[in-house]
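Last residue of the sequence shown: 232 in my numbering, with the numbers rising by one and none dropped.
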Amino acid sequence: MKGFELMAQMQIQNDRVTLKGVHYIRPFTLAGVIGSLLFVFGFTIDGFLRPGYSPIHQVVSDLGIGENAWILNTDLVVFGLLFMLFAIGFYQAMLKLIGGRKLIASTLLLLLTGAGAVNDGFFAEYNPADPNSAFRDILHSLGFLIGFVSLIIALFMIGLHLRKDRAWRRYGWYSILTSLVTLLLLLLPYALPQYGAQLGGLNERMLLVHSKVRCLLNLSNSHHTLKGAFS
């Protein structure tokens, strides 16, 4: 009897913790959406303010050095931190739908995505005017790579799991498609160097905007989970 009572108490405590976590779902997932929109808005406006800057030919990271570099760098840090909050909200929202190691792994990968953005805010790309910036450029490239590879894997893992549930199947396929298109946009400038040299800025903007749309989908998923999980 004591064993059953202990198990019941543990279940009650677990439900209390879960219910407490529900309160963080909406603001944390909303933080990811707001952060994504602010990020895109920030580097778009920053590009218009930079004399001689071409958003078609030049990548976003070029705004992180030179005049008004603080705008993009601050934008990256804020976005990264808000995206990490989103990852926590995602974990709470999907706790009963996915659960287990897959959810933990997906959440950690999303946290790495946010951490990659924060890293790139602190470590800008190579600046020809600063011969000591080569190491910072390596860290910047590493943060970019880790951030996007983590996001691609996370979306693919999430999609594979959601695809098994009839109610979530279309979200699962959308997540997988988002992952594959993100991978394509990431590799395209390297596979086609001439394309990357001429349209590198446009390609990167498509990459950033496309990969951030997923935040909006996750928000709607979180609200759907919240309605059904505790009714």
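Beta carbons are placed, not taken as given, at the ideal position from N, Cα and C, and that holds for glycine. Predicted model only: the values in this text are computed from it and were never measured.
- DSSP places L152 inside the alpha helix (DSSP H), whose first and last residues are 135-163.
- By the C-beta density criterion, L98 is buried, having at least 16 other C-beta atoms within 10 angstroms.
- Under the criterion of beta carbons closer than 8 Å, F157 and I139 do not qualify as touching, at roughly 27 Å.
- For S107, the enclosing alpha helix (DSSP H) stretches over residues 101-123.
- One Cα belongs to I89, the other to M95, and the distance between them is close to 10 Å.
- In the three-state scheme derived from DSSP, where H, G and I count as helix and E and B as strand, K97 is classed as coil.
- Bounds of the alpha helix (DSSP H) holding L39 are 26-50.
- Counting along the chain, Y127 sits inside no alpha helix (DSSP H), nor does DSSP assign it H or E at all.
- When rounded, the separation of the alpha-carbon atoms in L82 and L186 is 24 Å.
- Using a 10 angstroms sphere on the CB of P56, the tally of other CB atoms reaches 16 or more, which defines it as buried.
- CA-CA distance, R27 to P132, rounds to 45 Å.
- If you draw a straight line from the Cα of A32 to the Cα of F84, it is about 7 Å long.
- Remark: fewer than three beta-carbon pairs, one from each stretch, lie closer than 8 Å, so the stretch 196-207 and the stretch 141-148 are not flagged as touching.
- The DSSP-derived three-state label of V210 is helix.
- Cβ neighbours of S151 within its own chain (closer than 6 Å, five residues either side excluded): L110, L113, T114.
- Exclusion of the five residues before and after A155 leaves S107, L110, L111 as the residues of its chain whose Cβ lies within less than 6 Å of its Cβ.
- Rounded to the nearest whole angstrom, the CA to CA distance from V182 to R206 is 13 Å.
- Per DSSP, S180 is one residue of the alpha helix (DSSP H) stretching across 170-192.
- Counting other Cβ atoms within 10 Å of its Cβ, W169 reaches 16 or more and is therefore classed as buried.
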